[in-house]
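S.K.: This structure is in structure tokens; I'll ask about it shortly.
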Amino acid sequence: MTERSERGGSHRDDRGGHGERRYRGGSGGGDRGDRGYRGGDRGDRGYRGGSGGGDRGHRGSDRGYRGRERGRSRRVYDDEPRDGLLADLIGHLHALDGRSYAAYKAIVGRYRAPAGWFLHIDRVQSDPYAPPTRIHVDVPTDLHGLELLDEADLLADVDRRLAVGDFLTRELHAGFRGTALSIASPGQEILQRSSIILRPDEKKEGAGWILEARARLALPAQGRSIQGHEASRIVGRDLVRELEEAMDLTGERGDRLVHHIATLEDHRALTATAARNGWVSFLADGSVLPRRSGVSDEPLDGGVPLEAPESMAATVELPHAGTVRGTVVEAGVNVIVGGGYHGKSTLLSAIERGVYPHVPGDGRELVATVPDAVKVRAADGRAVTGVDLTPFISHLPAGRDTASFTTRNASGSTSQAASIIEAVEAGSTVLLLDEDTSATNLLIRDSRMRELVAADREPITPLVDRITALFRRRGVSTVMVMGGSGDYLDVADRVLLMDAYHLRDVTEQA
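Following my numbering from start to finish, the sequence shown increments by one per residue and tops out at 522.
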């Protein structure tokens with residue numbers, strides 16, 4: 013679509029951006045008149061204002077504010093939403109250069125880009141140091157570059173739409189890096205996100221979709237004065253370039269999107285297979301479980317690929333990956349042992365995060381865990397309200413009741429006991445525990461301590477005494493890391509040894 017020039021003047025692209033213009037012409041003057049809107053009624057563009065003069069070339073309210081009135085000490089800015097073209101917004105930003113930051117409120121509204129998408133400025137930040145301005149962009153999926161979505165049926169179901177939104181969030185996040193624009197920062201999981209949503213196009217009567225991308229824009233300022241030329245560059249160049257590039261699904265980007273969707277669909281199929289077979293988790297051969305560092309969820313370069321022991325191996329059929337061999341963690345009591353830094357917690361973490369699908373290249377794409385698995389740990393100081401702790405804690409001193417226990421500051425053992433009870437009551441069928449983050453006195457009590465402290469003087473019943481019944485009576489499996497005590501070896505259905513990140517089944521030896 014060809015952008016129109018303002019009535020009564022001419023325009024030129026003086027900044028090399030996408031449709032950035034200086035509006036000239038009309039009557040009225042001023043030392044900055046070449047930045048102002050001059051002459052004529054702007055009603056057709058959504059600009060309010062008239063034909064007044066001014067020492068800076070702005071007339072009436074055509075810059076989005078009402079000028080000083082007699083007896084008034086401050087300007088009142090017009091923040092009613094506008095409806096115009098992207099070129100209108102770019103020109104308006106040029107015109108606001110040097111004004112008070114509050115004048116940015118005048119740009120709230122909807123603006124159509126030449127390519128057919130719409131920029132919505134929803135809420136303008138109050139000052140340069142406030143959270144950035146909220147914007148969203150509506151992109152009809154029938155625009156050029158998005159044909160793949162329809163041709164490959166990539167919006168056919170909820171999972172595919174989820175993967176498309178996740179993929180485009182990542183593309184925009186990478187493109188916005190280093191600009192004043194930002195969008196939600198995605199992790200390694202493929203998740204439903206509010207950063208990009210797909211909604212039916214009401215104008216197409218169910219035959220089309222709208223991609224809504226929600227982002228933030230840090231409007232530039234020098235002190236508390238508007239940098240209008242810089243703002244117009246951000247909108248007219250950075251936003252247009254990065255959005256239209258991310259939405260171009262031809263070539264290599266389209267191939268990556270198809271692979272992204274296939275990865276999600278394989279994980280969904282693997283999760284369903286695990287649940288159908290009564291497994292806790294499945295970890296495909298070749299999976300890279302170690303992470304780059306304790307503060308990074310990205311894969312470790314040169315990490316040891318996982319390989320299933322024959323006694324725990326199984327094969328599954330997946331819609332895209334085909335036949336896959338891997339390690340099965342069966343239902344029951346599973347104990348992971350091994351030396352320090354040999355990968356025990358790494359394996360447990362992979363099982364824990366296996367409830368989510370992961371992006372291609374993460375190393376855990378084909379690690380799937382039943383979705384109701386819950387990691388429980390001690391959480392000193394947490395509040396507990398009305399929880400029946402009697403399976404683990406009873407006959408407290410002073411006769412305090414534990415059948416409906418309440419505290420605002422739970423100890424480590426009490427907090428973890430409450431977390432276990434709450435998880436079971438919520439319907440979890442798998443509990444994940446790591447001795448490093450657990451309360452020792454809730455996990456074990458060795459024979460010498462049992463001899464020293466009589467049972468009727470110890471309110472806590474350790475998990476080792478309940479873990480078998482938890483599975484036999486309630487169907488709740490356990491996967492736990494235990495490297496400092498052999499008490500759980502007597503009750504374990506399966507013992508897994510991690511040796512330099514190599515997995516071995518040592519149930520018989522244990």
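For each residue, glycine too, the CB sits at the ideal point set by N, CA and C.
Exposed or buried, Arg135, counting other C-beta atoms within 10 Å across all chains shown (16 or more means buried)?
M.R.: Residue 135 sits at position 123 when you count from the first residue of the sequence shown. Exposed, since its Cβ has fewer than 16 Cβ neighbours within 10 Å.
S.K.: On the CB-based measure, 16 or more other CB atoms within 10 Å of its CB, does Glu92 come out buried or exposed?
M.R.: Position 80 of the sequence shown holds residue 92. By the neighbour-count rule (16 or more Cβ atoms within 10 Å), Glu92 is not buried but exposed.
S.K.: Which same chain residues, not among the five before or five after Arg304, have their C-beta less than 6 Å away from its C-beta?
M.R.: Start at 1 with the first residue of the sequence shown, and residue 304 comes out as number 292. Cβ neighbours of Arg304 beyond the five flanking positions: Glu310 and Leu312.
S.K.: Assuming Val252 and Leu101 are in contact, meaning their beta carbons sit under 8 Å apart, how far apart are those beta carbons, in whole angstroms?
M.R.: On the sequence shown, position 240 is the one that residue 252 refers to. On the sequence shown, position 89 is the one that residue 101 refers to. Not quite, the Cβ-Cβ distance comes to about 11 Å (not below 8 Å), so this is no contact.
S.K.: Given that a residue counts as buried once 16 or more other Cβ atoms are within 10 Å of its Cβ, and exposed if not, what is Glu254?
M.R.: Start at 1 with the first residue of the sequence shown, and residue 254 comes out as number 242. Answer is buried; the Cβ neighbour count reaches 16.
S.K.: Measuring only the C-alpha atoms, how far is Gly352 from Ser361?
M.R.: Looking up residue 352 in the sequence shown gives position 340. Looking up residue 361 in the sequence shown gives position 349. In a straight line, the C-alpha of Gly352 is about 15 Å away from that of Ser361.
S.K.: Could you tell me the distance, in whole angstroms, from the CA atom of Pro403 to the CA atom of Ala287?
M.R.: Numbered from its first residue, the sequence shown carries residue 403 at position 391. Numbered from its first residue, the sequence shown carries residue 287 at position 275. Approximately 28 Å, taken between the alpha carbons.
S.K.: Around the Cβ of Gly103, are there at least 16 other Cβ atoms within 10 angstroms (buried) or fewer (exposed)?
M.R.: As a first step, residue 103 is located in the sequence shown; it is residue number 91 there, counting from the start. Buried is the call here.
S.K.: Among the residues of its own chain, which have a CB less than 7 Å from the CB of Asp171, if the five just before and after it don't count?
M.R.: The count along the sequence shown starts at 1 and reaches residue 171 at position 159. Within the same chain, Asp171 has close Cβ partners Leu276, Glu277 and Arg280.
S.K.: Measuring only between beta-carbons, confirm whether Leu108 sits less than 8 Å from chain B.
M.R.: This model lacks chain B altogether, as it is built from one protein chain only.
S.K.: Near His148, what residues of its chain come up, given a Cβ to Cβ distance below 6 Å and the 5 sequence neighbours on each side ignored?
M.R.: Position 136 of the sequence shown holds residue 148. Cβ within range, chain order: His132, Glu224 and Arg226.
S.K.: Which one of Pro232, Glu319, Tyr116 and Gly350 has the shortest CA to CA distance from Gly496?
M.R.: Here residue 496 refers to the residue found at position 484 of the sequence shown. Measuring from the Cα of Gly496, the nearest candidate turns out to be Gly350.
S.K.: Using DSSP's beta-bridge definition, name the partner residues of Lys387.
M.R.: As a first step, residue 387 must be located in the sequence shown, where it is residue number 375. According to DSSP, which records beta bridges pairwise, Lys387 is partnered with Leu444.
S.K.: Excluding sequence positions up to five away, which residues of its chain have a Cβ less than 6 Å from the Cβ of Tyr513?
M.R.: Position 501 of the sequence shown, counted from the first residue, corresponds to residue 513. Excluding sequence neighbours, Tyr513 sits near Val316 and Gly355.
S.K.: To the nearest angstrom, report how far apart Ser237 and Asp109 are at their CA atoms.
M.R.: In the sequence shown, residue 237 corresponds to position 225, counting from 1. In the sequence shown, residue 109 corresponds to position 97, counting from 1. One C-alpha to the other measures close to 8 Å.
S.K.: DSSP three-state call for Asn453: helix, strand or coil?
M.R.: In the sequence shown, residue 453 corresponds to position 441, counting from 1. Correct three-state label for Asn453: helix.
S.K.: From which residue to which residue does the alpha helix (DSSP H) around Met461 run?
M.R.: Walking along the sequence shown from the start, residue 461 turns up at place 449. It spans Ser459 to Leu464 - the alpha helix (DSSP H) in which Met461 sits, taken as one unbroken run.
S.K.: Going by other Cβ atoms of all chains shown within 10 Å of its Cβ, with 16 needed for buried, is Arg82 buried or exposed?
M.R.: Working through the sequence shown from its first residue, we reach residue 82 at position 70. Unreliable positioning characterises Arg82 in this predicted model, as indicated by a pLDDT of 47, which lies under 50. A coordinate reading is not provided.
S.K.: Please report the distance separating the alpha-carbon of Tyr113 from that of Leu105.
M.R.: Locating residue 113 in the sequence shown gives position 101, counting from the first residue. Locating residue 105 in the sequence shown gives position 93, counting from the first residue. Roughly 12 Å between the two C-alpha positions.
S.K.: Measure from the alpha carbon of Gly121 to the alpha carbon of each residue in Pro140, Arg94, Trp129 and Leu231, then state which is nearest.
M.R.: Working through the sequence shown from its first residue, we reach residue 121 at position 109. The shortest C-alpha separation from Gly121 is found at Arg94.
S.K.: Measuring alpha carbon to alpha carbon, tell me which of Tyr116, Asp511, Ile119 and Leu97 ends up nearest Leu319.
M.R.: In the sequence shown, residue 319 corresponds to position 307, counting from 1. Checking the displayed sequence, the identity of residue 319 turns out to be Glu instead of Leu. The option with the nearest alpha carbon to Glu319 is Asp511.
S.K.: Could you check whether the region 388-407 touches the region 435-446, counting it as contact only if at least three pairs of C-beta atoms, one from each stretch, sit closer than 8 Å?
M.R.: With the cut-off at 8 Å, the region 388-407 and the region 435-446 touch.
S.K.: How big is the Cα-Cα spacing for Arg211 and Gly373?
M.R.: Working through the sequence shown from its first residue, we reach residue 211 at position 199. Working through the sequence shown from its first residue, we reach residue 373 at position 361. About 29 Å.
S.K.: First and last residue of the alpha helix (DSSP H) that includes Phe188?
M.R.: Mapped onto the sequence shown, residue 188 falls at position 176. Phe188 -> alpha helix (DSSP H) spans Val170 to Phe188.
S.K.: Is it true that the CB of Val292 sits closer than 8 Å to the CB of Ser489?
M.R.: Residue mapping note: residue 489 aligns to position 477 of the sequence shown, counting from 1. Residue mapping note: residue 292 aligns to position 280 of the sequence shown, counting from 1. In contact: Ser489 and Val292 (Cβ atoms closer than 8 Å).
S.K.: If contacts are defined as beta-carbon pairs under 8 Å, then Val379 and Gly398 qualify, I think. What distance do you get, rounded to the angstrom?
M.R.: Mapped onto the sequence shown, residue 379 falls at position 367. Mapped onto the sequence shown, residue 398 falls at position 386. No, Val379 and Gly398 are not in contact; Cβ-Cβ is about 36 Å, not under 8 Å.
S.K.: Could you spell out the range, first to last residue, of the beta strand (DSSP E) harbouring Asn346?
M.R.: Translated into the one-based positions of the sequence shown, residue 346 becomes position 334. Taken as a continuous stretch (DSSP letters only), the beta strand (DSSP E) holding Asn346 covers Val345 to Gly350.
S.K.: DSSP state of Gln428, grouped into three classes?
M.R.: As a position in the sequence shown, residue 428 is number 416, starting the count at 1. Helix, per DSSP.
S.K.: Could you tell me if Thr327 is buried or exposed, where buried requires 16 or more neighbouring beta carbons within 10 angstroms of its beta carbon?
M.R.: Position 315 of the sequence shown, counted from the first residue, corresponds to residue 327. That one is exposed.
S.K.: Which term fits Arg412, buried or exposed, when burial requires 16 or more other beta carbons within 10 angstroms of its beta carbon?
M.R.: In the sequence shown, residue 412 corresponds to position 400, counting from 1. Under this definition Arg412 is an exposed residue.
S.K.: Excluding the 5 residues flanking Ile472 on each side, which residues of the same chain have their C-beta closer than 7 Å to its C-beta?
M.R.: Reading the sequence shown from its first residue, position 460 is the one you call residue 472. Result list for Ile472: Phe404, Ile405, Ser425, Asn453 and Leu454, in chain order.
S.K.: What does the Cβ neighbour count give for Arg75, buried or exposed, with the cut at 16 atoms within 10 Å?
M.R.: Indexing the sequence shown from 1 puts residue 75 at position 63. In this prediction, Arg75 scores a pLDDT of 43, lower than 50, which makes its location untrustworthy; the coordinate-derived value is nonetheless stated afterwards. Looking at its Cβ environment, which holds 16 or more other Cβ atoms inside 10 Å, Arg75 is buried.
S.K.: Do you know offhand how far Gly306's Cα is from Asp213's?
M.R.: Within the sequence shown, the letter at position 294 stands for residue 306. Within the sequence shown, the letter at position 201 stands for residue 213. Rounded to the nearest angstrom, the two C-alpha atoms are 44 Å apart.
S.K.: Between the C-alpha atoms of Val345 and Gln204, what's the straight-line distance to the nearest angstrom?
M.R.: Counted from its first residue, the sequence shown places residue 345 at position 333. Counted from its first residue, the sequence shown places residue 204 at position 192. If I take the Cα positions, the gap works out to 32 Å.
S.K.: To the nearest whole angstrom, what separates the beta carbons of Gly96 and Tyr123, a pair I think is in contact under 8 Å?
M.R.: Taking the first residue of the sequence shown as 1, we reach residue 96 at position 84. Taking the first residue of the sequence shown as 1, we reach residue 123 at position 111. Right, the Cβ-Cβ distance comes to about 6 Å (below 8 Å), so this counts as a contact.
S.K.: For the alpha helix (DSSP H) that contains Arg376, what are its first and last residues?
M.R.: In the sequence shown, counting from the first residue as 1, residue 376 sits at position 364. Note, Arg376: premise wrong, no alpha helix (DSSP H); not H, not E.
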